[in-house]
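Using this note's numbering, read the sequence shown as starting at 70 and increasing by one per residue. Cβ atoms here follow ideal geometry from the backbone N, Cα and C, with glycine treated the same way. Owing to the predicted nature of the structure, the values given are computational and were not obtained by experimental measurement. Here the structure is laid out as structure tokens; the discussion comes afterwards.
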Amino acid sequence: MISRLLPVLVMLIAAGSVGFSAQPINIGDRLELMVDDFLIERFEGRAELRLHRPVQREVTFSCDRPWEGNWSGLVTYIQDGDLYRMYYTGGRWRRGRPSICYAESRDGIGWTRPELGLVAFNGSKKNNLILSAKGITAFVPFKDTNPDCKPDQKYKAMVAKTTPTKGLYGYASPDGIHWRMMQDQPLITRGQFDSQNVAFWDSGRKRYVAYYRQCRGLDDSLTDKGPQLGIDDKGWVRDVLTSTSKDFLNWTEPKWIQYPGAPREQIYLNQIRPYYRASHLFVGFPGRFMAGRQIAKNLPLLQHPSYKYASISETLFMTSRDGVNFKRWGEAFIRPGPRKARWIYGATFPHYGLLVTKGETADMPDELSLYVVDGGGWTQGGKADRFRRYTLRIDGFVSVQAPLSGGGFLTKPIVFQGSKLVMNYSTSAAGSVRVEILAADGKPARGFALADCPEIYGDRIEQVVTWKAGSDVGQLAGQPIRLRFVLKDADLFSIRFRK
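This is the structure:
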């Protein structure tokens with residue numbers, strides 16, 4: 070019994086030694102995810118940051134139309150009100166990718182191909198094609214949230230083309246269906262561009278941001294290296310460049326994104342985007358490429374002369390607060406799993422998009438849906454690529470987690486706006502979360518000590534923290550404070566103050 074209480078006793082003894090020498094972080098009323106140690110001064114007891122993994126769900130789409138096939142993919146999802154949009158390339162290995170396709174859904178699970186009548190395939194326009202993909206390597210659209218965006222450019226896209234000049238071209242659309250090229254010249258010319266090249270409006274910094282692939286030398290030089298890339302762990306690696314723009318047409322010189330404390334690895338896709346509940350945070354789902362590893366044997370792609378196909382790929386998770394420096398988790402976010410056919414190049418590569426969808430049952434909260442390649446493609450000897458959905462708790466990428474024996478953390482000094490502290494948390498039936506607020510003198514604020522906070526247990530996306538005297542913390546708004554969280558068999562995913 071004493072050993073179980075010891076971590077909590079240590080935390081209580083330490084409470085009186087808290088100082089306020091650091092400059093407070095003004096978080097206002099914004100949501101803060103526990104994806105890094107930005108707010109954390111120190112962990113206490115056995116608490117730690119823990120990466121969570123999404124749950125595998127159903128196959129949502131099979132590329133089985135004549136204009137699709139086993140070389141379809143490079144999928145992008147856009148949540149547009151109550152409509153989900155999906156854009157993807159259709160193609161067959163050795164035949165090429167002749168078309169850009171469009172599908173719709175009302176739930177993120179069942180998808181339909183509207184007959185758009187825009188592009189002919191084998192003499193018929195009864196299909197869901199929006200563009201001919203002649204000369205196009207990748208088409209990655211987004212809905213522009215720039216408040217000054219012109220109505221006829223409500224949707225934009227980064228389009229990788231090989232002609233007339235290799236580069237990333239800007240496309241625009243008023244409705245997400247009818248597209249036009251914004252100018253004849255490419256927007257960006259330095260890069261590899263052979264996978265998804267993403268862009269979006271950064272509302273916090275009031276600029277567009279782009280991320281795209283290139284090969285990186287030990288001296289940070291850029292090159293277009295060949296298929297043997299990745300065999301030498303001290304040689305070139307696949308990595309990600311970033312550029313910014315005020316008008317989407319004129320872009321800064323590219324620079325490498327950074328991963329402080331992380332090893333050099335082969336990063337193929339980046340799938341970076343602002344998190345929809347906290348736009349100051351960028352989340353990314355890069356594809357990791359493990360060159361030279363293979364489990365599956367005698368698949369068609371292993372006869373290909375490119376060494377890269379004798380490899381394994383998977384999905385990682387990373388996040389950034391400035392768009393350049395990323396905390397990249399080394400552990401896989403989505404593993405290949407038990408199916409042998411997914412231990413191969415391109416399997417479990419992430420699609421670009423993060424959708425909010427209904428929970429599995431009516432009494433469950435909304436959840437996040439993300440999608441990956443799930444086999445059926447040419448790499449597995451299949452005839453039609455399949456897309457599979459995964460789901461994750463809202464804000465559920467990473468948590469501060471502690472076992473039943475106890476743990477917690479102390480925040481750095483913060484300043485907030487609002488009158489309620491809200492948290493996204495989960496406990497076991499035996500577990501709990503308690504919260505203490507420390508005033509500027511380093512002592513518990515009156516009425517908000519740990520002893521004043523009854524144990525909170527359950528599983529809620531938004532739980533208002535209540536002390537014995539109530540939940541109103543407005544008297545402390547605008548003042549430097551610290552928060553102390555004490556957890557037992559619990560996860561804390563995010564916090565925010567609100568009115």
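List the endpoints of the continuous beta strand (DSSP E) containing A347. Within the sequence shown, residue 347 is the residue found at index 278, counting from 1. Where A347 is concerned, the enclosing beta strand (DSSP E) stretches over 347-353.
Buried or exposed for I364, going by 16 or more other Cβ atoms inside 10 Å? Counting from 1 along the sequence shown, the entry for residue 364 is found at position 295. Under this definition I364 is an exposed residue.
Going by alpha carbons, who is nearest to G399 out of R411, A410, F386? Reading the sequence shown from its first residue, position 330 is the one you call residue 399. Cα-wise, what sits closest to G399 is F386.
Bridge partners of P513, per DSSP? Within the sequence shown, the letter at position 444 stands for residue 513. According to DSSP, P513 bridges with L507.
Quick check on DSSP: helix, strand or coil for Y376? If you number the sequence shown from 1, residue 376 lands on position 307. For Y376, the predicted model reports a pLDDT of 48, less than 50, meaning its position is unreliable and no value from the coordinates is stated.
Rounded separation between F554 and Q470 - CA only: Within the sequence shown, residue 554 is the residue found at index 485, counting from 1. Within the sequence shown, residue 470 is the residue found at index 401, counting from 1. Those two C-alpha atoms are separated by around 11 Å.
Cα-Cα separation between K537 and F517, rounded to whole angstroms: Here residue 537 refers to the residue found at position 468 of the sequence shown. Here residue 517 refers to the residue found at position 448 of the sequence shown. If you take the alpha carbons of K537 and F517, they lie about 8 Å apart.
Report yes or no: do the stretch 203-212 and the stretch 227-247 share at least 3 C-beta pairs separated by less than 8 Å? yes
Looking at the strands, I want to know which residues DSSP matches up with V484. Along the sequence shown, read from residue 1 onward, the residue named residue 484 stands at position 415. Paired residue(s): N95.
Quick one: Cα of D263 to Cα of R282, how far? As a working mapping, residue 263 is identified with position 194 in the sequence shown. As a working mapping, residue 282 is identified with position 213 in the sequence shown. So the two alpha carbons sit approximately 8 Å from each other.
Taking A279 and T258 to be in contact with their CB atoms under 8 Å, please state how far apart those CB atoms are, rounded to whole angstroms. Position 210 of the sequence shown, counted from the start, is the residue given in the question as residue 279. Position 189 of the sequence shown, counted from the start, is the residue given in the question as residue 258. Not really, about 12 Å apart at Cβ, beyond 8 Å.
Could you tell me the alpha carbon to alpha carbon distance between P216 and E184, rounded to whole angstroms? Mapped onto the sequence shown, residue 216 falls at position 147. Mapped onto the sequence shown, residue 184 falls at position 115. Taking the straight line joining both Cα atoms gives about 32 Å.
Quick one: what's got a C-beta closer than 6 Å to H121's C-beta in the same chain, skipping five residues either side? For this step, residue 121 is matched to residue 52 along the sequence shown. G465.
Determine, using beta carbons only, whether E429 and I403 come nearer to each other than 9 Å. Here residue 429 refers to the residue found at position 360 of the sequence shown. Here residue 403 refers to the residue found at position 334 of the sequence shown. Their beta carbons are not under 9 Å apart, which means E429 does not touch I403 by this criterion.
Are P93 and L461 closer than 9 Å when you measure CB to CB? Counting from 1 along the sequence shown, the entry for residue 93 is found at position 24. Counting from 1 along the sequence shown, the entry for residue 461 is found at position 392. No. Outside cutoff.
Given a threshold of 16 other Cβ atoms within 10 Å of its Cβ, counted over all protein chains shown, does L287 qualify as buried or as exposed? Looking up residue 287 in the sequence shown gives position 218. Under this definition L287 is an exposed residue.
CA-to-CA distance, D106 to A498, given in whole angstroms: What you label residue 498 is simply residue 429 of the sequence shown in a count that begins at 1. What you label residue 106 is simply residue 37 of the sequence shown in a count that begins at 1. Near 28 Å, if we compare the C-alpha coordinates of D106 and A498.
Bridge partners - S389, DSSP secondary structure assignment: Sequence index remark: in the sequence shown, residue 389 carries index 320 (1-based). Per DSSP, F351, F395.
First through last residue of the beta strand (DSSP E) which encompasses V469: In the sequence shown, residue 469 corresponds to position 400, counting from 1. Run containing V469: 467-471, per the beta strand (DSSP E) assignment.
Determine whether the beta carbon atoms of D133 and A401 lie at a separation below 9 Å. Reading the sequence shown from its first residue, position 64 is the one you call residue 133. Reading the sequence shown from its first residue, position 332 is the one you call residue 401. Cβ atoms of D133 and A401: not closer than 9 Å.
Would you kindly report the start and end of the unbroken beta strand (DSSP E) that includes Q125? Position 56 of the sequence shown, counted from the first residue, corresponds to residue 125. Per DSSP, Q125 belongs to the beta strand (DSSP E) from 124-131.
Can you check whether the CB of A559 is closer than 9 Å to the CB of T592? Missing from the structure shown is residue 592; the chain here goes from 70 to 568 and no further.
Rounded to the nearest angstrom, what separates F190 and W136 at their Cα positions? Counted from its first residue, the sequence shown places residue 190 at position 121. Counted from its first residue, the sequence shown places residue 136 at position 67. Between F190 and W136, the C-alpha separation is close to 7 Å.
In its own chain, which residues sit with a C-beta less than 7 Å from the C-beta of P220, not counting the 5 before and 5 after it? In the sequence shown, residue 220 corresponds to position 151, counting from 1. The residues are P243.
Within its chain, find whatever has a CB closer than 8 Å to the CB of G500; leave out the 5 residues flanking it on each side and keep chain order. Locating residue 500 in the sequence shown gives position 431, counting from the first residue. Correct list, in chain order: L473, Y526, L556, K557, D558, A559.
Going straight from the alpha carbon of Y421 to that of A91, what length do you get? Position 352 of the sequence shown, counted from the start, is the residue given in the question as residue 421. Position 22 of the sequence shown, counted from the start, is the residue given in the question as residue 91. Taking the straight line joining both Cα atoms gives about 38 Å.
Sequence-distant residues of the same chain with beta carbon closer than 6 Å to M251, five excluded per side: Locating residue 251 in the sequence shown gives position 182, counting from the first residue. The residues are G239, A241.
Relative to the C-alpha of Q261, which residue among V267, H247, R274, D293 is closest? Within the sequence shown, the letter at position 192 stands for residue 261. Among V267, H247, R274, D293, the Cα nearest to that of Q261 is on D293.
Taking the C-alpha atoms as reference points, what is the distance between P323 and F317? As a working note, residue 323 is residue 254 in the sequence shown. As a working note, residue 317 is residue 248 in the sequence shown. One C-alpha to the other measures close to 14 Å.
Quick one: Cα of T202 to Cα of D253, how far? Here residue 202 refers to the residue found at position 133 of the sequence shown. Here residue 253 refers to the residue found at position 184 of the sequence shown. Rather than Thr, the amino acid found at residue 202 in this sequence is Ala. Rounded to the nearest angstrom, the two C-alpha atoms are 16 Å apart.
Distance, Cα to Cα, I341 vs V442? Stepping through the sequence shown from its first residue, residue 341 is reached at position 272. Stepping through the sequence shown from its first residue, residue 442 is reached at position 373. Roughly 17 Å separates the two Cα atoms.
Are the beta-carbon atoms belonging to S348 and R126 less than 9 Å from one another? Taking the first residue of the sequence shown as 1, we reach residue 348 at position 279. Taking the first residue of the sequence shown as 1, we reach residue 126 at position 57. Cβ distance not < 9 Å, so S348 and R126 don't count as in contact.
At the level of alpha carbons, what is the spacing between G159 and G138? For this step, residue 159 is matched to residue 90 along the sequence shown. For this step, residue 138 is matched to residue 69 along the sequence shown. Spanning the two alpha carbons is a distance of roughly 7 Å.
Using the three-state DSSP reduction, which class does D68 fall into: helix, strand or coil? Only positions 70 to 568 of the chain appear in the structure, and residue 68 is not among them; the question remains open.
Could you say which of R175, I169, F354, Q544 lies nearest to V425 if we only look at CA atoms? On the sequence shown, position 356 is the one that residue 425 refers to. Nearest of R175, I169, F354, Q544 to V425, Cα basis: R175.
By DSSP's criteria, G245 is part of a beta bridge. Which residues make up the other side? For the purposes of this step, residue 245 is taken as the residue at position 176 of the sequence shown. Bridge partners of G245: none, in fact.
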